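*Asks:* For reference, the structure I am asking about is given below.
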Amino acid sequence: CKFLPHSEWTNYIHGWQDRWVVLKNNTLSYYKSQDEREFGCRGSLCLSKAVITPHEFDECRLDVSVNDSVWYLRATDPEHRHQWINSIELHRAESGYGSEPSLRRHGSMLSLTSATSGYSATSTSSFKGHSLREKLAEMETFRDILCRQVDTLQKYFDGCSDAVSKDELQRDKVVEDDEDDFPNTRSDGEFIHNNNGSKEKLFRSLSPKGINGIDFKGEAITFKATTAGILSTLSHCIDLMVKREDSWQKRLDKEAEKRRRIEEGYHSALSELKKKSHFGGPDYEEGPNSLINEDEFFDAVEAALDRQDKMEEQSHTEKSRIQRSSPVPPGDVYSTIGSHRFADKVEEMVQNHMTYSLQDMGGDANWQLVVEEGEMKVYRREVEENGIVLDPLKATHSVKGVTGHELCHYFWDTNVRNDWETTIENFNVVEMLSDNAVIVYQTHKRVWPASQRDVLYLSAMRKILANNENDPDTWLVCNFSVDHDNPTNRCVRAKINIAMICQTLVSPPEGDREISRDNLTCKITYVANVNPGGWAPASVLRAVAKREYPKFLKRFTSYVQEKTAGKPILF
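Those letters in the sequence shown? Residues 1 to 571, per full-length UniProt numbering, in order.
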């Protein structure tokens, strides 16, 4: 008797569960636990025809199967599994199953019974539901029975041969010793000596059970029945193998067809993948052939932007603690055109913004009001070129307590850029053109599944004097893309033309009081023309612009109000 805790596979929900397994009297039983043995076993298997299969990959697992019933067992380690397999095989051998000598112990009556049952089962209807494995097991049994019968018959024939030899030898001896006596011969074939007048049987005829008690007729019938059973079982095995061959051929054909379809799909997908254009390969998902639809694209972008907002809120407190200051150049610096190589281009951009960007949107039907929050209004004009969204955007806003000079200074100054800009991953000044013009390269944080963008632009700050004394001066920062010999990376290059235009309105203070920040109002016009440089769903880009531009204006103006509070006014 052998018992040991094992893990049994119950189902896909509960997986492997600990069970108490007992091996006794050629029977394998299991209990829920050792303590619950008194309540009876949960199941048992007779090991007479059981098949023990060690798992091919799991070194601790073994499967015990009898017909359609299979137990999946798992030992604690490979050594225990090996011990269990040896113990099960030993029990099978000791119980008289699985070994040739044990099968040969059974006598002729057992052979006759087995063979007769095999003979009577020659009709094909009796084989329904029998598997090839069972028939092969029957063949093994028939083989053992047949070997036993052959041994029995051989013993019978050997006995007959010995008896005949002894009979001839004894007859020759009697004739040689009693040459002068004439025995009478009886009709029954017995020789009688007459010396003392007694009758003595010298040679006995062989009776049906005369040799070692062997029933020759019964053994012959059993032999015939056994061979008939073998032939019938062989015939059925052939039928099963033919059917199984047909079944496997059908399965093979199905697998071949399945493989052909998979290969065709693979080659088709590979050819489609090669056709897709990748802008430097930074992103597989982006493009008109994207594997995700617009709704999924938008959800992913919105989730990424939400995460960035949360991270920005967490870092806002730390940024506010850092006091950064940069010297403010004299005001006349921003009034000059400059003498660098891009001076003419800067002047052209400034004049265009002063001419067109300050125009009122009310009478233009092409501009759509998309956001209105208090003093802030955001307009958009839908433009697409080659499937790429190029919508110009314009926003107007009024901010209390700051001047146009202060707003433009913080918008242009690269020393404080990271304090209010949340979309930039890193940036650096590529070239300092003058005191009021620089070339900047910056990469923006990637918003999956869109590709990461970078921008190379010239940033210039200018002061435009009013034509008459009643109009306010105009402060302006224009950022527009330029070409430069800077190293490029794998990001998608975006093109921009952005302007921050500010005018300061001063309300007269009461009495003789000095002008304070309560008397200041800054009128802001922000225009943006952005070419994303690659494809993205139009609905996604427009939804993101509608969400992000108002947030940017409110965040930036609040930052300037916070930085200038309590400081001298910078007109």
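The C-beta atom is built at its ideal place from N, Cα and C for all residues, glycine as well.
Bear in mind the structure is a predicted one, so any value in this text is a computation, not a measurement.
#1: Starting from Lys24, follow its DSSP beta bridges and name the residues at the other end.
#2: Going by beta carbon distance, what residues of the same chain come within less than 7 angstroms of His405, once the five residues before and after it are set aside?
#3: Work out the CA separation of Gly401 and Pro472 for me, nearest whole Å.
#4: Taking just the CA atoms, how far does Val150 sit from Ile221?
#5: In the DSSP assignment, what residue or residues form a beta bridge with Gly43?
#6: Using 8 angstroms for Cβ pairs, my map puts Leu136 next to Cys237. What's the rounded Cβ distance?
#7: Would you kindly work out how many angstroms separate the C-alpha atoms of Ala543 and Leu369, rounded to a whole number?
#8: Round the Cβ separation of Thr414 and Val440 to the nearest angstrom and send it over; I've been treating them as touching at under 8 angstroms.
#9: Compute the Euclidean distance between the alpha carbons of His523 and Tyr379, then round it to the nearest angstrom.
#10: Among Asp63, Gly533, Phe556, Val242, which has the Cα closest to the Cα of Thr422?
#11: So, with DSSP's three-state summary, where would you put His397?
#12: Examine the Cβ distances between the segment 339-358 and the segment 494-502 and report whether three or more of them are shorter than 8 angstroms.
#13: Under three-state DSSP, which class holds Glu385?
#14: Quick check: the segment 524-544 against the segment 378-392, are there 3 or more CB pairs under 8 angstroms?
#15: Helix, strand or coil for Phe223 per DSSP?
#16: Taking Leu458 as the reference, give the member of Ile464, His444, Thr443, Asn436 with the closest Cα.
#17: Could you give the residue range of the beta strand (DSSP E) that holds His444?
#18: Would a C-beta distance cut-off of 8 angstroms place His444 and Ile424 closer than the cut-off?
#19: Leaving out five residues on either side along the sequence, give the residues of the same chain with a beta carbon under 7 angstroms from the beta carbon of Val383.
#20: Would you please state the rounded distance, in angstroms, between the beta carbons of Met432 and Lys394? I believe it to be under 8 angstroms.
#21: What are the start and end residues of the alpha helix (DSSP H) that includes Met349?
#22: Please tell me whether Leu45 and Thr53 are closer than 8 angstroms, where the distance is taken between their beta carbons.
#23: Distance, Cα to Cα, residue 573 vs Ser271?
#24: With 16 as the cutoff for other CB atoms within 10 Å, does His484 come out buried or exposed?
#25: Here's the rule I'm using: 16 or more other beta-carbon atoms within 10 Å means buried, otherwise exposed. How should Met241 be labelled?
#26: Taking the beta strand (DSSP E) that Ala499 belongs to, which residues open and close that run?
#27: Taking the C-alpha atoms as reference points, what is the distance between Tyr31 and Glu134?
#28: Could you pull the start and end residues of the beta strand (DSSP E) that Ser65 belongs to?
#29: Given this structure, state the Cα-to-Cα distance separating Cys1 from His91, to the nearest angstrom.
#30: Compute the Euclidean distance between the alpha carbons of Asp481 and Lys463, then round it to the nearest angstrom.
#31: Comparing alpha-carbon positions, which option in Asn531, Pro508, Leu465 lies nearest Val492?
#32: Who are the Cβ neighbours of Ile230 in its own chain at under 6 angstroms, not counting the five residues just before and after it?
#33: Could you work out which residue in Thr27, Lys24, Arg19, Leu28 is closest to Asp35 when comparing CA atoms only?
#34: Is DSSP giving Met376 helix, strand or coil here?
#35: So, for Asn519: in the same chain, excluding its five sequence neighbours on each side, which residues have a beta-carbon less than 7 angstroms away from its beta-carbon?
#36: Roughly how many angstroms separate the alpha carbons of Val560 and Leu407, rounded to a whole number?
*Replies:* The structure says:
#1: Thr27
#2: Take His405, set aside five residues on each side of it, and the residues of its chain with a beta-carbon closer than 7 angstroms to its own are Trp475, Leu570, Phe571, in chain order.
#3: 16 angstroms
#4: Roughly 13 angstroms between the two C-alpha positions.
#5: Tyr30
#6: At roughly 7 angstroms, the Cβ-Cβ gap stays under 8 angstroms, so Leu136 and Cys237 are in contact.
#7: Those two C-alpha atoms are separated by around 14 angstroms.
#8: 7 angstroms
#9: Sequence check: residue 523 is Lys here, not His. Roughly 16 angstroms between the two C-alpha positions.
#10: Phe556
#11: strand
#12: Output reads yes: the segment 494-502 touches the segment 339-358.
#13: DSSP places Glu385 in the strand class (E or B) of the three-state scheme.
#14: yes
#15: helix
#16: Asn436
#17: 437-444
#18: yes
#19: Leu390, Asp391, Pro392
#20: Not confirmed; about 30 angstroms, so no contact.
#21: Here the alpha helix (DSSP H) through Met349 covers 343-352.
#22: No; because the gap between Cβ atoms is not below 8 angstroms, this pair is not in contact.
#23: Any question about residue 573 goes unanswered here, given that the chain covers just 1 to 571.
#24: exposed
#25: exposed
#26: 495-506
#27: 29 angstroms
#28: 61-66
#29: With a pLDDT of only 48 at Cys1, under 50, the local geometry of the prediction cannot be trusted, and no value is derived from it.
#30: According to the sequence as given, residue 481 is Ser; it is not Asp. The alpha-carbon atoms of Ser481 and Lys463 are separated by roughly 21 angstroms.
#31: Asn531
#32: Phe142
#33: Nearest option by C-alpha distance: Arg19.
#34: strand
#35: Closer than 7 angstroms at the Cβ level, and outside the excluded window around Asn519, lie Val506, Ser507, Pro509.
#36: 6 angstroms
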